[in-house]
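Count along the sequence shown starting at 1, add 129, and that's the number in the numbering used here.
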Amino acid sequence: MEHLDACAQTRNYGCRIRQYIYQGIAMLSLENQKIKVVFALGKGADIVEFLYKPTDIDFMWHSFNELNNVNHVQTIPAAEGSFLDTYVGGWQELCPTYGSRAMYCGGSIGAHGEACLYPWDAQILQDTREYVEVKLTLRTTRSPFLLEKTVGLQENEARLALHQKITNLGSVTQDFMWAHHPAFGVPFLDDSVRLHLKGTPRVTVPEATIAHRCPFAKETTGVWPTLPGRDGRAVDMSRAYAPNDKLYMEYFISELAEGRYELVNHHMGLGMRMSWDPSVFRYLWVWGLYCGIEEYPWYGRAYVMAVEPWSSMPADFETAQKNGTVLHLAANAWKETDFTAEVFQQEDR
130 MEHLDACAQT RNYGCRIRQY IYQGIAMLSL ENQKIKVVFA LGKGADIVEF
180 LYKPTDIDFM WHSFNELNNV NHVQTIPAAE GSFLDTYVGG WQELCPTYGS
230 RAMYCGGSIG AHGEACLYPW DAQILQDTRE YVEVKLTLRT TRSPFLLEKT
280 VGLQENEARL ALHQKITNLG SVTQDFMWAH HPAFGVPFLD DSVRLHLKGT
330 PRVTVPEATI AHRCPFAKET TGVWPTLPGR DGRAVDMSRA YAPNDKLYME
380 YFISELAEGR YELVNHHMGL GMRMSWDPSV FRYLWVWGLY CGIEEYPWYG
430 RAYVMAVEPW SSMPADFETA QKNGTVLHLA ANAWKETDFT AEVFQQEDR
């Protein structure tokens, strides 16, 4: 049940904040007239709902896993960690590593790092009809970082603003990786969805992602948005495919012209615009799982497209260190950056 103060109970318009417990997990919601954004504070501060109220469309993918699955008893610990067992979809922050499990300065960190698994603290900074703002914080356990993000909504704007800060609490310089992992699903996702980018960036399908139902037979690279597939025909990398296509593909986009993309459902005329600092997040990783994997943990039931700003390539900490794409922080130093997510209708562009 939600716990509201007297002022919040009487304010039924404009911006508002709710804090409550769902299935034993601390939750936080920010909303205004246009959008509602729900954070699972007790599980990585994941954004588990990004609802556009005028059309009643939630952009986030909702997994077959329940949110109450976070503290379940495992039959045996997974070699890659607990991320997949507890993945409920939505939008995660990944840090200080992501992708495969990593040895981090002598400590072992599971797939997709620490930030997406631990509980975050929340401090309300402003709660008015015109504007709401909350500061979320986390101290990682197997790495020496303090993560802070201040999230805010303005009245009548369909835009979530995030100001992020990461601090190295250690006494020596630390390498790290940093990413956002927003996964989009039904009802927003269908085969009319297109990823729009400016310029002519490069797109690469890495060898490690080649699998059954992937339209590529080997590592392939070229100029966005098309690549030659297994049969020599052009594969449009900018589009989402239908569930009946039974496809799977993962690829990364580099040499971005700007830190921004638009993911648009052209049937609905509705889109999500993500904006960030490209000096921090230099790559986009696209995960297209169109019911194309029939093994653990998907079993043919995952219809999802994730478009993820990444700091480093590839999704392996040791390799990213060797190729010089990891980020660095000196002892007691910090890095700050801004990130926004905005819903738009095509007639408003």
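For each residue, glycine too, the CB sits at the ideal point set by N, CA and C.
Which of helix, strand or coil DSSP assigns to residue i
{"i": "Pro372", "result": "helix"}
{"i": "Asp185", "result": "coil"}
{"i": "Asn394", "result": "strand"}
{"i": "Ala462", "result": "coil"}
{"i": "Arg147", "result": "strand"}
{"i": "Ala312", "result": "strand"}
{"i": "Leu170", "result": "coil"}
{"i": "Glu437", "result": "strand"}
{"i": "Lys163", "result": "coil"}
{"i": "Thr469", "result": "strand"}
{"i": "Phe212", "result": "helix"}
{"i": "Glu476", "result": "helix"}
{"i": "Ala449", "result": "helix"}
{"i": "Leu385", "result": "coil"}
Beta-carbon proximity check, residue i vs residue j, cutoff 8 Å
{"i": "Glu262", "j": "Gly281", "result": "yes"}
{"i": "Ile295", "j": "Leu276", "result": "yes"}
{"i": "Cys224", "j": "Glu209", "result": "no"}
{"i": "Ser367", "j": "Arg389", "result": "no"}
{"i": "His201", "j": "Asp319", "result": "no"}
{"i": "Tyr233", "j": "Ala444", "result": "no"}
For residue i, the nearest candidate out of the options (CA to CA)
{"i": "Pro344", "options": "Ala287, Phe305, Tyr380 and Ile150", "result": "Tyr380"}
{"i": "Val322", "options": "His292, Trp353 and Val436", "result": "Val436"}
{"i": "His310", "options": "Asp467, Leu157 and Met189", "result": "Met189"}
{"i": "Ala386", "options": "Gln450, Ser408 and Gly358", "result": "Ser408"}
{"i": "Gly153", "options": "Gly143, Lys163, Ile146 and Ala169", "result": "Ala169"}
{"i": "Gly314", "options": "Asp187, Thr269, Asp445 and Arg147", "result": "Asp187"}
{"i": "Ser229", "options": "Ala470, Met306 and Ala340", "result": "Met306"}
{"i": "Val334", "options": "Val415, Met403, Thr270 and Arg389", "result": "Val415"}
{"i": "Phe317", "options": "Glu336, Glu465 and His191", "result": "His191"}
{"i": "Glu476", "options": "Gly400, Leu157, Gln303 and Tyr425", "result": "Gly400"}
{"i": "Leu246", "options": "Phe212, Thr279, Arg271 and Leu392", "result": "Phe212"}
{"i": "Glu424", "options": "Val352, Lys464 and Lys375", "result": "Lys375"}
{"i": "Ala290", "options": "Lys172, Leu159, Tyr233 and Leu267", "result": "Leu159"}
{"i": "Ala155", "options": "Gly173, Gln203, Gly143 and Ala363", "result": "Gly173"}
{"i": "Gly299", "options": "Ala470, Tyr377 and Ala462", "result": "Ala462"}
{"i": "Thr329", "options": "Val352, Ala340 and Ala346", "result": "Val352"}
{"i": "Met378", "options": "Glu391, Arg359 and Arg402", "result": "Arg359"}
Distance between beta carbons of residue j and residue i, contact taken as under 8 Å
{"i": "Asp365", "j": "Pro372", "result": "Not quite, the Cβ-Cβ distance comes to about 17 Å (not below 8 Å), so this is no contact."}
{"i": "Asn285", "j": "Lys163", "result": "6 Å"}
{"i": "Tyr419", "j": "Tyr432", "result": "6 Å"}
{"i": "Ala231", "j": "Glu447", "result": "7 Å"}
Near the ligand SAH: residue i beta-carbon under 7 Å from a heavy atom
{"i": "Phe446", "result": "The ligand SAH is not part of the structure shown, which contains no ligands of any sort."}
Inset, instruction - Entirely within the region 222-302 and at least 3 residues each: give me those beta strand (DSSP E) ranges in chain order. - result: 231-233, 236-238, 250-256, 260-268, 274-283 and 288-297
Legend entry - In chain order, each alpha helix (DSSP H) run of at least 4 residues that lies wholly inside the region 313-349: none
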